[in-house]
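Trainee: Take a look at this one; I'll ask things after.
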Amino acid sequence: MPFPKRLIVALVLATATAAFAAPTSTAQQAAGSAQCANRETPPPPVDTSEQPEPGQKAPTALEVPEKPIGGDRLGECGLILPPNSAQPPSGITAASWMLADIDSGAVIAAYDPHGRQRPASIMKVLLAMVVAKELRGDLVVTASAEDTQQECTCVGLKDGGQYTVRQLLHGLLLTSGNDVAHTLARQLGGVPNALRKMNAMAKELGALDTRAVTPSGLDGPGTSTSAYDVGLIFRGAMKYDEFAQAIKLPQSTFPGRNGGTIPLLNDNRMLQNYQGALGGKTGFTDDSQHTFVGAAERDGRRLVVVLLRGQQTPTRIDNQAGKLLDYGFAMGPGGVGKLVDGAPQPKQNVVPTQSTNGNTEVAAGTDPDTGRPAPTAFGTVGLPITAAAGIALVAALLLVLRNKRAKAARARRQAAQAAQGV
């Protein structure tokens with residue numbers, strides 16, 4: 318019996334629909350990335366600090382979330398303001414900045430908040446947060462020769478010198494000691510382990526633009542953060558009393574290399590120049606340019622401000638931060654997004670179905686062992702394979718149909734010849 322033509326047409330249409338129904342999420346991400354210059358990576362480096370070691374490859378760019386963390390508007394890469402808001406102050410040189418309410422989490426205003434930049438020493442806030450979580454402030458740590466040989470800025474540790482974790486935190490946050498950062502990283506299990514803990518903490522918070530590659534914030538292959546992430550990390554760190562007390566100190570004392578003590582002066586000038594300042598952290602490298610995160614309180618309202626890739630002229634970066642804080646305090650409680658309270662959890666594609674033995678099973682494309690979506694025929698690789706298989710099936714059906722028609726024609730010719738007595 319001839320193969321029905323309508324079935325062949327239906328198969329062709331189904332194959333075409335499966336092959337071309339919609340672009341993949343990767344293609345959608347690429348299209349979105351093209352709209353914002355720093356959606357995936359920071360700007361190209363200006364020096365050799367991010368070149369991989371011989372024989373090593375540079376890390377791939379961090380994945381861009383399908384939806385912007387904190388709200389859809391935070392995926393915009395220009396100026397983001399609530400409706401009918403006044404324009405922000407002039408003279409802000411940062412390529413990315415953000416204002417947010419520490420307590421409510423409301424993002425008040427921003428400029429390219431998820432644009433990926435370099436952190437410089439404000440990465441020390443993330444290190445300090447891990448330290449405050451894991452180490453007691455009175456724990457005594459012995460410095461090593463390797464600690465004293467770090468690229469400075471340095472507090473001036475002594476090989477074999479003993480310091481409490483609290484003293485090291487003061488050296489880390491007030492004077493941005495890279496030698497101290499290395500010492501604390503060793504105490505967390507060594508630099509690689511400390512970086513794993515820092516990056517795990519960032520991911521747990523929802524800071525998905527951030528990758529720590531050095532405990533001090535010095536540039537290295539794959540380094541990345543964003544204004545949104547820095548604000549999120551600072552907000553999380555302020556929940557630890559050890560951090561909150563250290564970051565607001567105008568000065569502290571530290572054991573000297575030759576005995577006695579030396580003063581540590583906080584390099585965040587906003588503490589002296591801005592009423593209600595709660596503390597903050599500065600940073601600079603040739604690639605990152607000037608970075609800053611700080612917080613202030615007014616009338617019971619606490620705001621955090623972040624500036625990345627800024628300049629010190631014509632106005633110092635801490636004064637630019639003060640102008641943005643004034644602007645934020647003058648605005649209402651509404652906002653354009655939110656600092657999340659943890660990393661977004663993937664949606665489980667789970668549909669309960671009744672098995673033959675009466676037990677409920679997990680179905681609809683979910684792997685019962687991992688809880689993750691199971692591979693389907695229309696995944697990134699399966700889609701072209703499915704399309705090719707469909708085309709091959711149609712071709713085979715057409716061949717069968719042609720052969721059947723040829724046999725029928727031969728049979729008719731033979732019957733006619735027999736009737737004529739040939």
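To convert a position in the sequence shown, counted from 1, into the numbering used here, add 317. Every residue gets a Cβ at the ideal spot worked out from N, C-alpha and C, and that includes glycine.
1) Pull up the distance between the alpha-carbon of Lys556 and that of Ile419, whole angstroms please.
2) On the premise that Ala529 lies in contact with Val623, defined as a C-beta separation below 8 Å, what is that separation, rounded to the nearest angstrom?
3) What do you reckon, is the C-beta of Arg574 under 8 Å from a heavy atom of the ligand NAD?
4) Give me the Cα-Cα distance between Leu444 and Ser402, rounded to the nearest whole angstrom.
5) Helix or strand or just coil, what does DSSP make of Met415?
6) Any idea if Asn510 is buried or exposed, counting beta-carbon neighbours within 10 angstroms, 16 or more meaning buried?
7) In angstroms with no decimal places, state the Cα-to-Cα distance between Ile579 and Glu357.
8) Express the C-alpha separation of Trp414 and Gln662 in angstroms, rounding to a whole number.
9) Ignoring anything shorter than 4 residues, give me the alpha helix (DSSP H) runs that lie fully in the segment 506-558, in order along the chain.
10) Does DSSP classify His607 as helix, strand or coil?
11) Using the C-alpha atoms, what's the distance from Pro430 back to Asp496?
12) With H, G and I counted as helix, E and B as strand and the rest as coil, what does DSSP make of Arg503?
13) Do you know whose CA, among Ala612, Ala354, Thr481, Lys514, lies nearest Thr500's CA?
14) With a cut-off of 8 Å on the beta carbons, I'd call Ala517 and Val508 a contact; round off their distance for me.
15) Going by DSSP in three states, Val457 sits in which element: helix, strand or coil?
16) Just to confirm, are Gly534 and Lys441 a CB contact at a threshold of 9 Å?
17) Could you tell me the boundaries of the beta strand (DSSP E) in which Ile579 lies?
18) So who's on the other strand from Gln479, going by DSSP bridges?
19) Go through its chain and collect everything with a Cβ distance to Pro359's Cβ below 7 Å, but skip five positions before and after it.
20) Where DSSP assigns a beta bridge to Tyr428, which residues make up the other side?
21) Could you check if Arg453 is buried or exposed, using at least 16 other CB atoms within 10 Å of its CB as the buried criterion?
22) The beta strand (DSSP E) that contains Gln568, what's its start and end?
23) In whole angstroms, what separates the C-alpha of Arg483 from that of Gln352?
24) For Asp604, count neighbouring Cβ atoms within 10 angstroms of its own Cβ and tell me buried if that reaches 16, exposed if not.
25) I need the straight-line Cα distance from Glu463 to Gly478, nearest angstrom please.
26) So, at 8 Å on beta carbons, what are the nonlocal neighbours of Arg619 in its own chain, with the 5 sequence-adjacent residues on each side left out?
27) Strictly by DSSP, which residues pair up with Glu614?
28) Buried or exposed, going by whether 16 or more other CB atoms sit within 10 Å of the CB of Pro532?
29) Based on Cα-Cα distance, which residue from Gly576, Asn585, Gln629 lies nearest to Lys565?
30) Name the two residues that bound the continuous alpha helix (DSSP H) containing Lys640.
31) Exposed or buried, what is Ser407 when buried is set at 16 or more other beta-carbons lying within 10 Å of its beta-carbon?
32) By Cβ distance, which residues of its chain are closer than 8 Å to Val447, with the 5 residues on each side in sequence left out?
33) With 16 as the cutoff for other CB atoms within 10 Å, does Arg524 come out buried or exposed?
34) Which of the three DSSP states is assigned to Gly600 in this structure?
35) Measure the alpha-carbon distance for Gly577 versus Lys450 and round it to whole angstroms.
36) For Lys655 versus Val424, is the C-beta distance shorter than 9 Å?
Mentor: Working from what's here:
1) 10 Å
2) Going by Cβ atoms, the distance from Val623 to Ala529 rounds to 16 Å, so no, they are not a contact pair.
3) Among the ligands in the structure shown, none appear at all, so the ligand NAD cannot be discussed.
4) 36 Å
5) strand
6) exposed
7) 43 Å
8) 26 Å
9) 508-522, 544-554
10) strand
11) 31 Å
12) helix
13) Thr481
14) That pair is no contact at about 15 Å.
15) strand
16) yes
17) 578-582
18) Thr459
19) Arg433, Gln434, Arg435, Ser541
20) Leu396, Trp414
21) exposed
22) 568-572
23) 45 Å
24) buried
25) 12 Å
26) Asp418, Ile419, Asp420, Leu595, Ala612, Ala613
27) Arg619
28) buried
29) Asn585
30) 634-647
31) exposed
32) Leu505, Ala511, Lys514, Met515, Met518
33) Looking at the sequence itself, residue 524 is Ala, so the reference to Arg does not match. The residue in question, Ala524, is buried, as its Cβ has 16 or more Cβ neighbours within 10 Å.
34) strand
35) 30 Å
36) yes
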